[in-house]
Amino acid sequence: MDIKQMIYFKTIVDEGTISKAAIKLHMAQPPLSMQLKSLEKELGVSLLTRGKRHVTLTAAGKLLYKRASQILGLEELTRHEITNISCETLRIGITSSNSAIIHEDKVINFIKNHPNLNFRIKEGPTGEMIDLLQAHEIDIGIVRTPYNSLNIASIALEKGPMLAIGPKDMINDHMNHLIDYKDKPLIIHRRYQSLITDYCLNRLSFNPYIHIQSDDCRTSIYWALTLNEIAIIPDTAEPLINSSLKAVTLKDKDLYTGVAVVSRLDDNLSPIAKEFISLFE
1 MDIKQMIYFK TIVDEGTISK AAIKLHMAQP PLSMQLKSLE KELGVSLLTR GKRHVTLTAA
61 GKLLYKRASQ ILGLEELTRH EITNISCETL RIGITSSNSA IIHEDKVINF IKNHPNLNFR
121 IKEGPTGEMI DLLQAHEIDI GIVRTPYNSL NIASIALEKG PMLAIGPKDM INDHMNHLID
181 YKDKPLIIHR RYQSLITDYC LNRLSFNPYI HIQSDDCRTS IYWALTLNEI AIIPDTAEPL
241 INSSLKAVTL KDKDLYTGVA VVSRLDDNLS PIAKEFISLF E
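Numbering (full-length UniProt numbering), first residue to last: 1 to 281.
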């Protein structure tokens with residue numbers, strides 16, 4: 001299995017059919033089909049199910065597609081870095097609830113002080129950022145605790161509370177414990193469902209009504225504004241809140257979560273990556 005075969009395979013999946021992939025690759029269809037058969041024979045598995053209108057990935061095909069995308073992305077980045085050696089690239093992964101962190105003055109000044117440094121920012125859930133880190137698709141992650149810490153080096157930042165946000169006529173400063181929202185439909189990030197539910201059941205003796213789950217704090221904020229409901233989000237997401245909403249800090253200590261700046265354990269980080277991480281030490 002070589003890079004060219006990965007390109008052929010990924011193009012077939014992206015285009016949906018072998019014929020469309022052949023056009024994309026500027027080659028005839030029979031040789032492309034032979035390359036796919038050769039790859040399947042080498043690996044000893046079926047990678048695609050051929051349909052009349054499009055191909056469907058098998059379980060093995062899904063894994064190969066994921067790995068091929070990672071390898072080809074890394075190859076492209078390496079080519080870019082080598083041909084643009086004077087311009088380093090720092091790849092950072094960050095969760096939506098932490099996105100305000102990269103807008104802090106110390107980060108802005110870091111960017112301004114390194115005019116030849118290119119930044120590539122990826123956003124997503126903590127689990128996805130950890131996967132990208134371990135796959136060498138990002139250099140540094142800024143994530144929420146807890147997470148799979150295997151082979152991960154981290155700098156833990158101070159833990160912070162959750163916020164309840166909602167319309168100003170539904171929420172006030174005295175509603176500063178989760179029990180105050182016992183009878184209200186809640187909007188929460190999927191990541192905190194078990195944390196909130198377990199706390200309510202085991203400590204407050206009620207089952208919270210979770211109306212909407214999302215994978216992005218910005219989505220939770222949007223629905224709180226649109227539906228006139230209450231969203232529970234980490235305090236680091238406060239800068240994302242619309243001015244039409246009110247935020248109240250919850251005093252429930254069991255709901256405190258932390259932020260961590262993570263990198264690969266025993267990895268040879270570049271000097272510029274180490275300098276960025278030092279901003280948070």
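All C-beta atoms, glycine included, are put in the ideal place defined by N, C-alpha and C. Note that the structure is a prediction, hence the values are computed from the model and not measured.
Could you name the residues that DSSP lists as bridge partners for Pro234?
Met162
So which of Ser99, Asp105 and Phe119 has the shortest CA-CA distance to Leu77?
Closest by alpha carbon: Phe119.
Measuring only the C-alpha atoms, how far is Ile111 from Ser97?
Ile111 and Ser97 have their alpha carbons spaced roughly 21 Å apart.
Whose C-beta lies closer than 8 Å to the C-beta of Asp235 among residues of the same chain, with five residues either side of it excluded?
Gly160, Pro161, Met162, Leu163 and Thr249
Using a 10 Å radius around the Cβ and a threshold of 16 neighbouring Cβ atoms, would you call Asp216 buried or exposed?
buried
In terms of residue numbering, what span does the beta strand (DSSP E) encompassing Thr44 cover?
The residue asked about is misnamed: residue 44 is Gly in this sequence, not Thr. Element bounds for Gly44: n/a, residue is neither H nor E.
Which one of Ile102, Glu281, Ala68 and Lys41 has the shortest CA to CA distance from Ala153?
Glu281
Distance check for Leu117 and Thr262, CA to CA, integer angstroms please.
The sequence given here places Val at residue 262; Thr does not occur at that position. Computed Cα separation, rounded: 20 Å.
Please report the residue range of the alpha helix (DSSP H) in which Arg190 lies.
Premise fails: Arg190 is in no alpha helix (DSSP H) and is neither H nor E.
Among the candidates His136, Arg191, Asn113 and His174, whose CA atom is the shortest distance from the CA of Pro146?
When only C-alpha atoms are compared, the closest one is Arg191.
So, for residue 283: in the same chain, excluding its five sequence neighbours on each side, which residues have a beta-carbon less than 8 Å away from its beta-carbon?
Residue 283 lies beyond the residue range present for the chain, which begins at 1 and ends at 281; the question has no answer from this structure.
Round the Cβ separation of Ile155 and Ile277 to the nearest angstrom and send it over; I've been treating them as touching at under 8 Å.
7 Å
If I follow the unbroken alpha helix (DSSP H) through Arg53, where does it start and stop?
Per DSSP, Arg53 belongs to no alpha helix (DSSP H) and is neither H nor E.
So Gly93 is in the beta strand (DSSP E); what residue range does that whole segment cover?
First-last of the beta strand (DSSP E) with Gly93: Thr89 to Ile94.
CA-CA distance, Thr226 and Met1?
51 Å
What is the residue span of the alpha helix (DSSP H) that Ala28 lies within?
Careful: Ala28 lies outside any alpha helix (DSSP H) and carries neither H nor E.
For a test of the three-state rule: what should DSSP assign to Thr257, helix, strand or coil?
strand
Which of helix, strand or coil does DSSP assign to Ala135?
coil
I'd like to know if His54 contacts chain C, where contact means its C-beta is closer than 8 Å to some C-beta of that chain.
Absent here is chain C; the protein component of the structure consists of one chain.
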